[in-house]
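So the structure is just underneath, and the comments pick up after that.
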Amino acid sequence: MAMADHACAQITLTGMVADSATMQPMLDVNITVKRSGKGTVSDARGYFSLSANDTDTLVFSRVGYYTKVRPVKWVKEVVIIFLTEEHKTLQPVVIESETLMPWLKKLPPESPWKNPTLNKSFTETPGFQGLQTFGPGYVMSGPISRFSKYEKERKKLKVVQRENYKARNYVDIVNDPEVKDKIIKDYNLTEEEYYRLLAIFNEKNKDIIYELQSSELIPLLFMFYGENAKKK
10 MAMADHACAQ ITLTGMVADS ATMQPMLDVN ITVKRSGKGT VSDARGYFSL
60 SANDTDTLVF SRVGYYTKVR PVKWVKEVVI IFLTEEHKTL QPVVIESETL
110 MPWLKKLPPE SPWKNPTLNK SFTETPGFQG LQTFGPGYVM SGPISRFSKY
160 EKERKKLKVV QRENYKARNY VDIVNDPEVK DKIIKDYNLT EEEYYRLLAI
210 FNEKNKDIIY ELQSSELIPL LFMFYGENAK KK
């Protein structure tokens with residue numbers, strides 16, 4: 010819900026922020042005006058109120074949730090902003106030991122203590138009385154760092170896959186015949202003019218277009234073409 014004072018350039022925005030999964034109001038969500046010092050936080054009921062210019066962009070953020078960026082022109086028609094919880098993979102931990110083992114130098118070269126990558130059954134006695142003999146079939150696997158590298162590569166792949174999905178979703182929407190043909194018909198455009206204006210739309214909204222769902226992107230597209238088709 011939003012209220013505008015027609016006598017000035019500022020708009021007073023009021024609304025609520027909620028969790029997209031539980032639909033529960035969210036406390037302490039930061040709502041800031043991009044590239045300015047203005048901002049506020051949501052209260053225990055998820056409510057917020059903030060003054061901004063019609064040309065500003067709002068940023069909704071909270072630790073543990075994906076940040077949402079919305080233009081004021083679009084947000085002023087929205088009552089509730091939903092934030093989605095962010096699931097992060099913990100960074101792998103590599104454990105290194107500096108334990109003093111005085112008998113290490115006395116072990117044979119084929120010992121896994123000297124060669125951790127060795128995968129061989131053997132029997133040996135460390136050279137000091139009271140230390141247990143390593144029996145047949147004792148095997149040590151490779152370094153922990155191999156696991157760390159695998160996790161890092163897998164995490165990178167997930168990020169790339171997620172970004173590719175977002176880009177593909179956007180491309181599918183702007184090229185969908187129902188969306189494109191309706192915009193061309195409603196605003197009396199040629200297909201060439203449609204894509205020329207789309208390039209301008211992409212540049213103006215490059216920070217958010219891949220983050221929007223279809224229910225959010227389509228109204229924003231129609232609003233943009235409605236404002237810019239007459240200027241062609």
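Heads up: the sequence shown begins at 10 in the working numbering, then just goes up one per residue. Quick reminder that beta carbons are idealized off the backbone N, C-alpha and C, glycines included.
Where residue i sits in the DSSP three-state scheme
i      : result
Thr132 : Low per-residue confidence applies at Thr132: pLDDT is 43, beneath 50, and the placement is therefore not dependable, though the value from the model is reported in the following sentence. Correct three-state label for Thr132: coil.
Leu22  : strand
Ile227 : helix
Ile182 : helix
Val50  : strand
Asp65  : coil
Leu206 : helix
Val78  : strand
Asn211 : helix
Asp216 : coil
Glu4   : With the chain covering only 10 through 241, there is no way to say anything about residue 4.
Ala30  : coil
Gln141 : Caution is warranted here: a pLDDT of 43 is assigned to Gln141, below 50, making its placement in the model unreliable, and the coordinate value is therefore given only provisionally. Coil, per DSSP.
Contact check, residue i vs residue j, beta carbons under 8 Å
i      : j      : result
Thr31  : Ile40  : no
Val180 : Ile227 : no
Ile90  : Phe69  : yes
Leu22  : Ala53  : no
Ser58  : Asp37  : no
Gly55  : Ala27  : yes
Straight-line Cα distance separating residue j from residue i
i      : j      : result
Leu229 : Lys164 : 32 Å
Ile182 : Lys191 : 13 Å
Phe233 : Val42  : 21 Å
Tyr74  : Asp216 : 17 Å
Val78  : Pro186 : 27 Å
Thr64  : Val81  : 6 Å
Phe231 : Leu92  : 24 Å
Arg71  : Asn211 : 26 Å
Gln19  : Glu200 : 36 Å
Glu220 : Thr76  : 9 Å
Lys239 : His96  : 44 Å
Gly24  : Ile218 : 22 Å
Glu225 : Arg44  : 23 Å
Ser29  : Arg177 : 22 Å
Leu198 : Thr66  : 28 Å
For residue i: DSSP bridge partner residues
i      : result
Ser45  : Bridge partners of Ser45: none, in fact.
Leu59  : Leu22
Asp190 : Looking at the DSSP assignment, Asp190 forms no beta bridge with any residue, so it has no partner.
Asn39  : Val50 and Ser70
beta-carbon residue i near the ligand ZN non-hydrogen atom, thresh 7 Å
i     : result
Lys82 : Ligands are entirely absent from the displayed structure, and the ligand ZN is therefore not among its contents.
Cβ of residue i within 8 Å of any chain B Cβ
i     : result
Val26 : The structure shown contains no chain B; it holds only a single protein chain.
Open item on the list: Does the segment 22 to 36 come into contact with the segment 196 to 209, if we say contact requires no fewer than three beta-carbon pairs (one atom in each stretch) closer than 8 Å?
Closed with: no
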